[in-house]
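What follows is a short report on a single structure.
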């Protein structure tokens, strides 16, 4: 979301395992805020040089209080971790090819210094390949969300429109590889030459090729995959083919974190090494307990490095994805976001769909028959917690899905998200546009929710 003093602003709090704070902790924090009656500010606290790693001890005049401030180089620490995960020499060879170019858009978020450290200092790329790499506290007035709508500059550079369709470049060259990061650097978008990789397909491709990455190969191969419920079932097909454990969780990285820590923190089953992802452009593994945008970018480059051979024509991003579809079939997928709608109206719409679960089950809508209409509930296999009301689902007999979720954003009403998915195994139909493949199912979805009647519009603000 837009950042800065007048837009979204907050603190991201991670716990001892490096993962997002669990609900019991954030609930306790919120409860404590209700009992704060006053607080003190030390106006004479000395300025700390944040540009230089080191420790500073600050002691009060009366000696009664002591504060230790340690400045660390997070870029150095994370780059060292990334070097232990990926085959940097192989990626270097890929980047050195005359027929391979790339751009990386940090969208004026915190990812910029990490991107420059990896790609300019380690791999020797020119700074011009790092788009918008200077962090700004307001993202330079932009919306630092790595998708086709908001990463406009990158999307145009890669020869695409905001729906992911190729545009006429009038002879202008297009990079071989493009990527974008969000404001805090944990999400990613992957693009090839005039080719958009959906987050769901990206997760599936990385999982299918995980053993090309040293981190997984050294541990005997990938063991498990996990996805959020709205994410497409593309990775499910990989899990079945490779005999991997598969988990479908609510949206939220903490659920993946539980799976990663099952053995160490809960004395349970060891599901690692594990790859996980969300359709909202988040991808990662158990190397840390958060999604990791630059990890996903390097994962793709490592895979491309592995499939490209010296002296042979370039195997492109689209080549890799098309080969994946040829083997597994294609999960056509689209998400419609209706931002800033009236929260009360949207809540009523969700409640109506929930109430009509039994009535809708078995109902024929257009060319589809609803096999199951339900509200997703997750029983965590690790800590045994139960998460209810995680989205309304319409599961069709043919395997297609229509899903609705509601989220609120401070000061801007609510956002209704509609997810549409249809599996296609016919190899002659793998090259359709998303509109061609899903047009009729989108109409079905809009009819099932009745959003025009409840919220006054059926035109999404963002399509991904």
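Residue numbers (the working numbering): 478 to 941.
Positions of the beta carbon are idealized from the N, C-alpha and C atoms, including for glycine.
| Item | Value |
| --- | --- |
| Over what stretch of residues does the alpha helix (DSSP H) that includes residue 507 continue unbroken? | 500-510 |
| Can you give me the Cβ contacts of residue 917 inside the same chain, cut-off strictly under 7 Å, excluding the 5 residues immediately before and after it? | 843, 844 |
| Nearest to residue 530 by CA position, among 524, 536, 549, is which residue? | 549 |
| Who does residue 673 pair with in a DSSP beta bridge? | 668 |
| Can you tell me whether residue 692 is buried or exposed? The criterion is at least 16 other CB atoms within 10 Å of its CB, across all chains shown. | buried |
| Kindly indicate which residue of 928, 931, 867 has the alpha-carbon position closest to the one of residue 707. | 867 |
| Does the beta-carbon of residue 542 have 16 or more other beta-carbons within 10 angstroms, so that it is buried, or is it exposed? | exposed |
| From what residue to what residue does the beta strand (DSSP E) around residue 753 run? | 751-755 |
| With a threshold of 16 other CB atoms inside 10 Å of the CB of residue 519, please say whether the residue is buried or exposed. | exposed |
| Starting from the C-beta of residue 630, find all residues in its chain whose C-beta is less than 8 Å away, skip the five residues before and the five after it, and write them out in chain order. | 582, 608, 609 |
| Within the continuous beta strand (DSSP E) that includes residue 808, where are the two ends? | 807-818 |
| Quick test of your reading: residue 656 and residue 774, contact by CB under 8 Å. State the CB separation rounded to the nearest angstrom. | 5 Å |
| Are residue 730 and residue 761 touching if we call contact CB-CB under 9 Å? | yes |
| So residue 920 is in the alpha helix (DSSP H); what residue range does that whole segment cover? | 911-926 |
| Which value, in whole angstroms, describes the spacing of the CA atoms of residue 769 and residue 665? | 8 Å |
| Would DSSP call residue 739 helix, strand or coil? | helix |
| Would you report the Cα separation of residue 886 and residue 678, rounded to the nearest angstrom? | Bear in mind that the predicted position of residue 886 carries a pLDDT of just 48, short of 50, making it unreliable; the figure below should be weighed with that in mind. In a straight line, the C-alpha of residue 886 is about 27 Å away from that of residue 678. |
| Span of the alpha helix (DSSP H) holding residue 591? | 588-592 |
| Alpha helix (DSSP H) containing residue 715: first to last residue? | 711-719 |
| So what's residue 834 in DSSP terms, helix, strand or just coil? | helix |
| Straight-line CA distance for residue 528 to residue 926? | 51 Å |
| Just to confirm, are residue 603 and residue 791 a CB contact at a threshold of 9 Å? | no |
| With 16 as the cutoff for other CB atoms within 10 Å, does residue 514 come out buried or exposed? | exposed |
| How many Å lie between residue 888 and residue 646 at the Cα? | Note that residue 888 scores 46 on pLDDT, short of 50, meaning its location in the model is unreliable; the coordinates nonetheless yield the value given after this. In a straight line, the C-alpha of residue 888 is about 39 Å away from that of residue 646. |
| Exposed or buried, what is residue 804 when buried is set at 16 or more other beta-carbons lying within 10 Å of its beta-carbon? | exposed |
| Nearest-angstrom Cα distance between residue 725 and residue 611? | 37 Å |
| Rank 883, 794, 670, 841 by C-alpha distance to the C-alpha of residue 924 and give the top, closest one. | 841 |
| If you measure between the beta carbons of residue 579 and residue 778, is that distance less than 9 Å? | yes |
| With a Cβ-Cβ cutoff of 9 Å, do residue 535 and residue 544 count as a contact? | yes |
| Using the beta-carbon count (16 or more within 10 Å), is residue 922 buried or exposed? | buried |
| Compute the beta-carbon to beta-carbon distance between residue 592 and residue 771, rounded to the nearest angstrom, for a pair I have assumed lies under 8 Å. | 7 Å |
| Quick check on residue 892: buried or exposed, where buried means 16 or more other Cβ atoms within 10 Å of its Cβ? | buried |
| Taking the Cβ atom as the reference point for each residue, do residue 487 and residue 586 lie within a distance shorter than 9 Å? | no |
| Below 8 Å on the Cβ atoms is my guess for residue 674 versus residue 798; work out the distance and round it to an integer in Å. | 6 Å |
| Out of 759, 809, 699, which has the shortest C-alpha to C-alpha gap to residue 945? | Residue numbering for the chain in the displayed model covers 478 to 941; residue 945 lies beyond these limits and cannot be assessed. |
| Who pairs with residue 896 in a beta bridge, going by DSSP? | 812, 880 |
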